[in-house]
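S.K.:
Protein chains in written order, with this note's numbering: chain Y, 1 to 114; chain S, 1001 to 1112.
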């Protein structure tokens, strides 16, 4: 079974609109962390946001927020007021227990339309 | 701080050739990783090192070897390159103190 599932291979969104990128995960470990990374066309991996399984509040970082629904095992990334520079691949990833290894999803390619 | 550096940035090999990808970090992190990225597959872990002197296999270790030379450096070796190893390779480092893995810029490897 896939540990991280990103069901949207590609998305097109109008500039200034909000966008939600889906991520579901599968783990039996009560302690885990969820990450989102952005990969622009230049290729580097840029860390966006982190959510711990015991965190009471949804994580936010500027225009990025993580809609964490523990019972549904989902950790969707919400980007508010999208910009042309948000066009990129977005990867969801998970760390389980005390292990620092990350398991990545297959990614979603987001394209912002002017 | 340079963060995580990788050399080379690009490499073309012929089938059967060997090469070593170099990675170094200057953040004093204990853990280091090698991933490969293929279209439609996301990043997959090849090997990782939780501390100096230790290495462990990840999801796709076949055809690769690693060396954790010291706390800063973690190299990935292809002994006999195959076309299936054409990929983009990322090195990363982390420490439990931080909720983030820091990535290098990647090496684009083509095996003909």
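Virtual Cβ for every residue (Gly too), placed ideally from N, Cα, C.
Return the bridge partner residues of residue 52(Y) from the DSSP annotation.
M.R.: Beta-bridge pairing links residue 52(Y) to 33(Y).
S.K.: Report all residues from its chain with a CB closer than 6 Å to the CB of residue 93(Y); omit the five preceding and five following residues, and keep chain order.
M.R.: For residue 93(Y), where only same-chain residues beyond five positions count, the Cβ hits under 6 Å are 35, 102 and 104.
S.K.: Residue 41(Y) lies in the beta strand (DSSP E); which residues open and close that run?
M.R.: Per DSSP, residue 41(Y) belongs to no beta strand (DSSP E) and is neither H nor E.
S.K.: Where residue 30(Y) and residue 99(Y) are concerned, what is the direct C-alpha to C-alpha distance, given to the nearest angstrom?
M.R.: One C-alpha to the other measures close to 13 Å.
S.K.: Specify the secondary structure class of residue 1095(S) as computed by DSSP and reduced to three states.
M.R.: Three-state DSSP puts residue 1095(S) in coil, outside helix and strand.
S.K.: Does any CB atom of chain S fall closer than 8 Å to the CB of residue 68(Y)?
M.R.: For residue 68(Y), the answer is no, since every Cβ of chain S falls outside 8 Å of its Cβ.
S.K.: Might you give, ordered along the chain, the residues of its own chain that have their beta carbon closer than 6 Å to the beta carbon of residue 21(Y), omitting 5 neighbours on each side?
M.R.: These residues qualify, in order along the chain: 77, 90 and 108.
S.K.: For chain A, is any of its Cβ atoms less than 8 Å away from the one on residue 1101(S)?
M.R.: The structure shown contains no chain A; its protein chains are Y and S.
S.K.: Output needed for residue 1014(S): all residues of its chain with C-beta closer than 6 Å, excluding positions within five of it in sequence on either side, in chain order.
M.R.: If we look at residue 1014(S) and ignore the five residues flanking it on each side, its Cβ neighbours are 1112.
S.K.: So which residues on chain Y does residue 1106(S) lean against when the C-beta distance must stay under 9 Å?
M.R.: 43, 44 and 45, listed in chain order.
S.K.: Determine which residues of the segment 1029-1049 of chain S have a Cβ less than 9 Å from any Cβ of chain Y, and write them out in chain order.
M.R.: Within the segment 1029-1049 of chain S, the residues whose Cβ lies closer than 9 Å to some Cβ of chain Y are 1030, 1031, 1033, 1035, 1037, 1040, 1041, 1042, 1043, 1044, 1045 and 1048, listed in chain order.
S.K.: For residue 1084(S), name the three-state secondary structure that DSSP assigns.
M.R.: Looking at residue 1084(S) - three-state DSSP - the assignment turns out to be helix.
S.K.: Quick one, which residues of the segment 8-37 of chain Y are near chain S if we go by CB-CB under 9 Å, in chain order?
M.R.: Per Cβ criterion, the list reads 9, 33, 35 and 37.
S.K.: Pull up the DSSP beta-bridge partners for residue 112(Y), would you.
M.R.: Looking at the DSSP assignment, residue 112(Y) forms a beta bridge with 13(Y).
S.K.: What separation, rounded to the nearest whole angstrom, lies between the Cα atoms of residue 97(Y) and residue 25(Y)?
M.R.: About 14 Å.
S.K.: Taking C-alpha atoms, which residue in 1011(S), 1057(S), 1002(S) and 1017(S) lies nearest to residue 1082(S)?
M.R.: Looking at the Cα atoms, 1017(S) is the closest of the given residues.
S.K.: Using 10 angstroms around the beta-carbon of residue 1010(S), count the other beta-carbons present and answer buried if the total reaches 16, otherwise exposed.
M.R.: Answer is exposed; the Cβ neighbour count stays below 16.
S.K.: Just to confirm, is the Cβ distance from residue 1099(S) to residue 62(Y) under 8 Å?
M.R.: No, they are not a contact pair.
S.K.: Of all Cβ atoms in chain S, is any one closer than 8 Å to the Cβ of residue 102(Y)?
M.R.: So, interface residue.
S.K.: Measuring CA to CA, which of 57(Y), 113(Y) and 82(Y) is closest to residue 17(Y)?
M.R.: Among 57(Y), 113(Y) and 82(Y), the Cα nearest to that of residue 17(Y) belongs to 82(Y).
S.K.: Is residue 1076(S) closer than 8 Å to residue 1046(S) when the C-beta atoms are compared?
M.R.: Going by C-beta atoms, residue 1046(S) is nearer than 8 Å to residue 1076(S).
S.K.: Identify the residues that DSSP records as bridge partners of residue 1057(S): which are they?
M.R.: Residue 1057(S) is bridged to 1047(S).
S.K.: Can you tell me where the beta strand (DSSP E) holding residue 1023(S) begins and where it ends?
M.R.: Here the beta strand (DSSP E) through residue 1023(S) covers 1019-1025.
S.K.: State the Cα-Cα distance for the pair residue 1060(S) and residue 113(Y), rounded to the nearest angstrom.
M.R.: Cα to Cα, the separation comes out at about 37 Å.
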